[in-house]
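Enquirer: Okay, so the sequence shown: first residue is 1 according to UniProt numbering, each after it adds one.
Structure incoming, see below.
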Amino acid sequence: MKWTAPLAVAAAALCLASIQAYDECPEGFIDFADVNMSPVCMSFVHENTSWHETRNHCKSMNGDLGQLTGNLHQKVTHFIKHRPEFENKTFWIGGSDVTMEGRWVWVIDDTDIPRGTPHWFPCNGSEPDGGSFQNYLGLLPPGYYFHSLNGYGFRSGICQLF
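Below is the structure:
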């Protein structure tokens with residue numbers, strides 16, 4: 001009975017601490033969420049590595065490659081275009097069709113990536129265009145639309161906490 005109150009206080013503190021951890025992005029991550037929404041925490045990897053190496057780096061930060069759905073793609077593109085340090089950089093993101101050629105999915109949850117407008121370059125259906133030689137998703141300047149790429153190219157990356 002004597003331990004009940006201290007245990008209750010400790011449990012409440014632990015719950016509050018875990019809730020607070022989700023209220024904001026950790027250091028090194030930027031919040032791309034809409035107002036009054038849960039954080040959408042992204043981190044930009046400046047080192048140029050392969051798609052698999054970049055994905056492993058994201059996983060080491062308890063995340064994965066970015067899943068740029070809906071208007072998040074436009075928000076990230078706007079952010080990149082307004083940062084001089086990202087000028088002419090290309091970025092790996094978390095899409096692939098390596099499991100089944102032509103079926104593009106987000107690797108974090110295996111959900112389909114819609115083809116065409118507004119995400120794929122050049123919005124007329126020519127991307128993805130690399131067949132079985134280009135199975136990984138990237139963003140290329142100047143428009144930062146989705147491109148199918150060879151996974152061994154060296155690019156920067158975008159990590160996301162899920």
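Glycine residues also receive a C-beta, built at the ideal position from the N, C-alpha and C atoms.
1) Which same chain residues end up closer than 8 angstroms to Ser132 when comparing Cβ atoms and leaving out the 5 residues on each side of it in sequence?
2) With three or more beta-carbon pairs closer than 8 angstroms as the criterion, would you say the stretch 111-124 touches the stretch 75-87?
3) Among residues of its own chain, excluding the 5 on either side of Leu161, which ones have a beta-carbon nearer than 6 angstroms to its beta-carbon?
4) Tell me whether Gly131 sits in a helix, a strand or coil according to DSSP, three-state version.
5) With DSSP collapsed to three states, give me the class of Val40.
6) Taking 8 angstroms as the threshold (C-beta atoms), are Cys159 and Ser43 in contact?
7) Buried or exposed for Glu127, going by 16 or more other Cβ atoms inside 10 Å?
8) Can you check DSSP and say which residues form a bridge with Arg155?
Expert: So, from the listed chains and residues:
1) As a first step, residue 132 is located in the sequence shown; it is residue number 132 there, counting from the start. Shown here for Ser132: same chain residues with a beta carbon closer than 8 angstroms to its own, the five before and five after excluded, namely Glu101 in chain order.
2) no
3) Your numbering for residue 161 matches position 161 in the sequence shown. Same-chain partners within the cutoff: Cys41 and Gly63.
4) Position 131 of the sequence shown, counted from the first residue, corresponds to residue 131. Three-state result, Gly131: helix.
5) Against the sequence shown, residue 40 aligns to sequence position 40. If DSSP states are grouped into helix, strand and coil, Val40 belongs with coil.
6) Residue 43 sits at position 43 when you count from the first residue of the sequence shown. Residue 159 sits at position 159 when you count from the first residue of the sequence shown. Cβ distance < 8 angstroms, so Ser43 and Cys159 count as in contact.
7) Stepping through the sequence shown from its first residue, residue 127 is reached at position 127. The C-beta of Glu127 has 16 or more other C-beta atoms within 10 Å across all chains shown, which makes the residue buried.
8) As a position in the sequence shown, residue 155 is number 155, starting the count at 1. In the DSSP output, where bridge partners are listed per residue, Arg155 has Thr49.
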